[in-house]
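To start, the structure itself, in structure tokens.
There are 2 protein chains.
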Amino acid sequence: MSFSEQELRDYAAFAEGLADAARIETLPRFRDGVSVSNKAGASFDPVTDADREGERVQREMIAKTYPEHGIIGEEFGASNPERSWRWVLDPVDGTRAFVCGIASWATLIALEYDQKPVLSVIDQPFTDERWIATGGKTIFRRGGALTACTTSGVTDISTARISTSDPRPLAYFNDQEAAAFARVAEHGRLARFSLDAYAYALLALGEFDLVIEAGLQHHDYAALIPVVEGAGGVITNWRGEPVGSDDRNETLAAATPELHAAAMDVLGG
Amino acid sequence: MSFSEQELRDYAAFAEGLADAARIETLPRFRDGVSVSNKAGASFDPVTDADREGERVQREMIAKTYPEHGIIGEEFGASNPERSWRWVLDPVDGTRAFVCGIASWATLIALEYDQKPVLSVIDQPFTDERWIATGGKTIFRRGGALTACTTSGVTDISTARISTSDPRPLAYFNDQEAAAFARVAEHGRLARFSLDAYAYALLALGEFDLVIEAGLQHHDYAALIPVVEGAGGVITNWRGEPVGSDDRNETLAAATPELHAAAMDVLGG
Chain C
1 MSFSEQELRD
11 YAAFAEGLAD
21 AARIETLPRF
31 RDGVSVSNKA
41 GASFDPVTDA
51 DREGERVQRE
61 MIAKTYPEHG
71 IIGEEFGASN
81 PERSWRWVLD
91 PVDGTRAFVC
101 GIASWATLIA
111 LEYDQKPVLS
121 VIDQPFTDER
131 WIATGGKTIF
141 RRGGALTACT
151 TSGVTDISTA
161 RISTSDPRPL
171 AYFNDQEAAA
181 FARVAEHGRL
191 ARFSLDAYAY
201 ALLALGEFDL
211 VIEAGLQHHD
221 YAALIPVVEG
231 AGGVITNWRG
241 EPVGSDDRNE
251 TLAAATPELH
261 AAAMDVLGG
Chain P
270 MSFSEQELRD
280 YAAFAEGLAD
290 AARIETLPRF
300 RDGVSVSNKA
310 GASFDPVTDA
320 DREGERVQRE
330 MIAKTYPEHG
340 IIGEEFGASN
350 PERSWRWVLD
360 PVDGTRAFVC
370 GIASWATLIA
380 LEYDQKPVLS
390 VIDQPFTDER
400 WIATGGKTIF
410 RRGGALTACT
420 TSGVTDISTA
430 RISTSDPRPL
440 AYFNDQEAAA
450 FARVAEHGRL
460 ARFSLDAYAY
470 ALLALGEFDL
480 VIEAGLQHHD
490 YAALIPVVEG
500 AGGVITNWRG
510 EPVGSDDRNE
520 TLAAATPELH
530 AAAMDVLGG
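Those protein sequences? They're chains C and P, same order as listed.
Taking my numbering as reference, the numbering of the first sequence is continuous, increasing by one, and the terminal residue is 269.
Taking my numbering as reference, the numbering of the second sequence is continuous, increasing by one, and the terminal residue is 538.
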């Protein structure tokens, strides 16, 4: 790739600045009891002022510092998405968690070069947890302490702790996908739900072993890839191809290649 | 009842001391990656050193300060449960969350008088969140700041944010209960899962509107009752009777009496 390590370090520092800026917009609105609106009419798709204002300030910062970069954002769409460098933004991933007062929502920031994510940040302001992934490493920061992230090393599916945002064929999964997930969950040790991107961040900390989803969007999955890979995990679609190469934007994140292969087997039926 | 307000205040301070003592045992073991054991053999029922050591130290404190009180604990069973005053202890409710690194596990402490809970504490050490319920009020404390808890005031089921720990007929619900929950979820605005007691604590903060479960145990539900009621919510079984009066230990917690009645209607079919 045609960029230096120094360039990447600068972008990583800038990405943390974007996360800091989002915190100012998101955190005061969390649990305030009044910030929910509904952009989709009858069907439920919450979006908060936090999401909109967070992305607005982030886009202003990028336009000022890197006007030649493209942007893809959840709230305000794409600006110059054909550029080599492209930021992918979602100030509040997990809006349903946000509106229920659960601190598993996160700010997602990814920087892509020629359509591949090369660095990302996952930030949880209420718990003060931040994952920063760049140069093939993922760092976890909380309260000033830094830790290098490593996945759990679990290879046996019968001991796997598994997550998906919703196991029902209602929100993300279609019927077939829900059945495939249920097969994996049956093989594993336990399943926990409703965590969105935060589940992948916990996988990077060695706390989950498998995260399996479908129906995500670009701004949902871009930041997950460097964080999972930088901790030694594997993340692909359900057939081992890059995330985003199928119509359903399937994700299969695993602590180890062995566990990834085993889960792919069970997902396949 | 034959006890004074002062007595209740003393017990509440002591209950907070029990929560503090549990923190010392639980928090250092959270996300340490090695503390999980399995007490149930093949089926999954994790219990951590945190749970055992937390309860051990709490029982010692009670035996020393209130030797005439009974104790019911998750890990070490019942001591003198026939006494008028009885502590109900669960140092780590949400052990599955605990072993997945999710900060929705909680320490539950209830004090019962003649079998009715008169005060309780729900404590989340990682996020430093504590709910203290006594004398018909629920207080939320975080980082030194105190807030009086009030439920959301939602009365219309179509706007209700709903939670249960697992919607599948696998862990807590039987088939019929899972179908009844699914009916309520279909009427509501959104559902989030896997939160255990923490969901009731969020309901007390006005963040959830309905929490619906079955298959709980005494140490799972005792602490929920003062916290929900002290915030203005309603908590009963699925037929409006006191929690614990049916074989399945059903819970139906609602922000308002109107919403409680509406949910009971839908649960009934």
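From the three backbone atoms N, C-alpha and C, an ideal C-beta is built for every residue, glycine too.
Query	Result
Hey, T127 (chain C) and A255 (chain C): beta-carbon distance below 7 Å or not?	no
Look at the Cβ atom of V496 (chain P), then the Cβ atom of S432 (chain P), and state whether they are nearer than 7 Å.	no
Select from the stretch 95-110 of chain C all residues with a C-beta closer than 8 Å to any C-beta belonging to chain P, and list them in chain order.	R96, A97, V99, C100, G101, I102, A103 and S104
To the nearest angstrom, report how far apart A449 (chain P) and A530 (chain P) are at their CA atoms.	15 Å
Should R430 (chain P) and D478 (chain P) be called a contact, given that it needs their Cβ atoms to be closer than 7 Å?	yes
Within its chain, find whatever has a CB closer than 7 Å to the CB of L259 (chain C); leave out the 5 residues flanking it on each side and keep chain order.	V154, T155, I157, A160, D209 and L210
Count the other CB atoms, across all protein chains shown, that sit within 10 Å of the CB of G230 (chain C); report buried if there are 16 or more and exposed otherwise.	buried
Among all the DSSP beta bridges, which residues are the ones paired with Y382 (chain P)?	P:W354 and P:K385
Please classify S120 (chain C): is it buried, with 16 or more other beta-carbons within 10 angstroms of its beta-carbon, or exposed?	buried
Looking only at its chain, what residues have a beta carbon closer than 7 Å to the beta carbon of G233 (chain C), apart from the 5 residues adjacent to it on each side?	T151, L203, A204, A253, A254 and A255
Which one or two residues does DSSP pair with A148 (chain C) in a beta bridge?	C:I139
Express the C-alpha separation of L287 (chain P) and E294 (chain P) in angstroms, rounding to a whole number.	11 Å
Nearest to R365 (chain P) by CA position, among P:F299, P:Y335, P:G412 and P:A379, is which residue?	P:F299
Would you call the CB atoms of A110 (chain C) and A185 (chain C) closer than 7 Å?	no
Could you tell me the boundaries of the alpha helix (DSSP H) in which E329 (chain P) lies?	D318 to T334
Excluding the 5 residues flanking I225 (chain C) on each side, which residues of the same chain have their C-beta closer than 6 Å to its C-beta?	P117 and I235
Over what stretch of residues does the beta strand (DSSP E) that includes A191 (chain C) continue unbroken?	L190 to F193
In whole angstroms, what separates the C-alpha of G377 (chain P) from that of F3 (chain C)?	Note that residue 377 (chain P) is Leu in the sequence shown, not Gly. C-alpha separation (whole angstroms): 53 Å.
Would S463 (chain P) pass as a contact of S84 (chain C) if the rule is Cβ separation under 7 Å?	no
For R192 (chain C), decide whether its Cβ has a neighbour in chain P, counting only Cβ atoms nearer than 7 Å.	yes
Should D175 (chain C) go down as buried or exposed, given a rule of 16 or more other Cβ atoms within 10 Å for buried?	exposed
Suppose you measure from the CA of F76 (chain C) to the CA of A284 (chain P); what does that come to, to the nearest Å?	49 Å
Can you find a CB in chain C that lies within less than 7 Å of the CB of R476 (chain P)?	For the sequence presented, residue 476 (chain P) should be read as Glu rather than Arg. Taking Cβ atoms only, chain C reaches closer than 7 Å to E476 (chain P), which makes this a yes.
Does the distance from the CB of P319 (chain P) to the CB of A466 (chain P) come in under 7 Å?	The sequence given here places Ala at residue 319 (chain P); Pro does not occur at that position. Result no, Cβ atoms of A319 (chain P) and A466 (chain P) do not sit closer than 7 Å.
With 8 Å as the limit, tell me which residues of the stretch 387-400 of chain P have their beta carbon closer than that to any beta carbon of chain C; keep them in chain order.	F395 and T396
Please identify the residue among P:R355, P:P360 and P:A347 whose C-alpha is closest to the C-alpha of Q327 (chain P).	P:P360
My assumption, with CB atoms under 8 Å, is that E55 (chain C) sits in contact with G73 (chain C). Please give the rounded CB distance.	5 Å
Name the chain P residues that come within less than 7 Å of P167 (chain C), Cβ to Cβ?	R437
Under 8 Å, CB to CB, which of the residues in the stretch 148-165 of chain C have a partner in chain P?	S152, R161 and S163
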